[in-house]
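Following: one structure in structure tokens, then a few remarks.
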Amino acid sequence: MPLALWALAIGAFGIGTTEFIIAGLLPVIAADFNVTIPVAGNLATAYALGVFVGAPALIILGSKVPRKAMLVFLMLLFVAGNLVTAFAPTLGIAILGRIITSLTHGAFFGIGSIIAADMVAPSKRVRAIAFMFMGLTVANLIGVPVGTWIGQHLSWRDAFMVIAAIGVVTVISVGMLIPHQPRPENHNFAHEFNAFRNVNVLLAMGITVFGPGAFFTSITYIAPMMIGLAGYSESSLAWLMLAVRSGAICR
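Numbers 1093 to 1343, taken from this note's numbering, label the letters of the sequence shown in order.
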């Protein structure tokens, strides 16, 4: 596999970590801002809404920008969003940081998949894309538990600063390792909406909406449930998150 795929995998690792880390940090964030856990849960809601809006918007707006340049821009936005969250004086500013961060999520994986496929022979394209998404798997298995540990033993703000640093590493890696990408050809995005006329496409979309929706709704509040209902201590959350995320990988 080309070394450049590591740049994409590192970016996927950072994005996966910042997406899921809220589940382990919700109690300490709520305590820091002196709000209830359901109110702090808006950090997860805001991220989800940002992904929903950001993916199509940034892909369309950046359709005429060279893909490598677009990736660099996305990861700079990722760094900025995590820093806003890390230094947020209020919950509202932290939510704003989460929205900024989430805008990069879908566009990164969409553009990254195209770049990964273009860098290898046709017979290896599936493996190349899977290698990039391996970053998400590692984020679940290592990034989230380690980030939770940092949040519990140091500060939740430090956890987001580490994630921002991962974004900086990704920016440098993309700039150094990914070859120049030609400007994309003009594309009629209106034609893509014809897919919504296909019943099978709508059924597949329904599965991907309601299935993960149910999973992420429960996983977001796993930390307060483990502490308040199951009786675990906050210091054990990192190990609990490791167990939960390991199960998520195996599902």
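Just so it is clear, CB atoms sit at the ideal spot from N, CA and C, and this is done for glycine as well. Please read these numbers as outputs of a predicted model, since none were measured by experiment.
Just confirm the distance between the C-beta atoms of residue i and residue j, as a whole number of angstroms; I'd bet it's less than 8 angstroms.
i, j, result
"Met1226", "Ala1101", "6 angstroms"
"Leu1175", "Ala1256", "5 angstroms"
"Ala1190", "Gly1173", "The question names Ala, but residue 1190 in the sequence shown is Arg. Yes, Arg1190 and Gly1173 are in contact; Cβ-Cβ is about 7 angstroms, under 8 angstroms."
"Leu1183", "Phe1125", "4 angstroms"
"Phe1112", "Ala1199", "The pair is not a contact, with the Cβ atoms about 19 angstroms apart (cut-off 8 angstroms)."
Could you give the DSSP three-state label for residue i: helix, strand or coil?
i, result
"Gly1235", "helix"
"Ala1122", "helix"
"Ser1325", "coil"
"Val1263", "helix"
"Ile1242", "helix"
"Ser1229", "Note on residue identity: the sequence assigns Thr, not Ser, to residue 1229. Here Thr1229 sits in helix by DSSP."
"Leu1294", "helix"
"Ile1107", "helix"
"Ile1299", "helix"
"Leu1097", "helix"
"Pro1130", "helix"
"Ile1270", "coil"
Quick one, which of the options has its alpha-carbon nearest residue i's?
i, options, result
"Ile1129", "Gly1142, Gln1244, Leu1150, Ile1114", "Ile1114"
"Ile1258", "Leu1095, Gly1108, Ala1096", "Gly1108"
"Phe1170", "Val1238, Leu1195, Gly1235", "Leu1195"
"Leu1118", "Ala1132, Val1164, Phe1252, Val1260", "Ala1132"
"Val1236", "Ala1180, Thr1262, Ala1104, Ile1319", "Ala1104"
"Ala1149", "Ala1213, Ile1203, Ser1247", "Ile1203"
"Val1143", "Trp1098, His1197, Ala1122", "His1197"
"Ile1121", "Thr1240, Leu1233, Asn1232", "Thr1240"
"Phe1252", "Met1162, Val1238, Met1318, Ile1151", "Val1238"
"Pro1094", "Arg1249, Gly1243, Val1212, Val1266", "Val1212"
Between which two residues does the alpha helix (DSSP H) containing residue i stretch?
i, result
"His1197", "1197–1210"
"Phe1165", "1159–1178"
"Asn1134", "1134–1153"
"Ser1194", "1183–1194"
"Ala1213", "Here Ala1213 belongs to no alpha helix (DSSP H), and DSSP marks it neither H nor E."
"Ile1113", "It is not in any alpha helix (DSSP H) - Ile1113 carries neither H nor E in the DSSP assignment."
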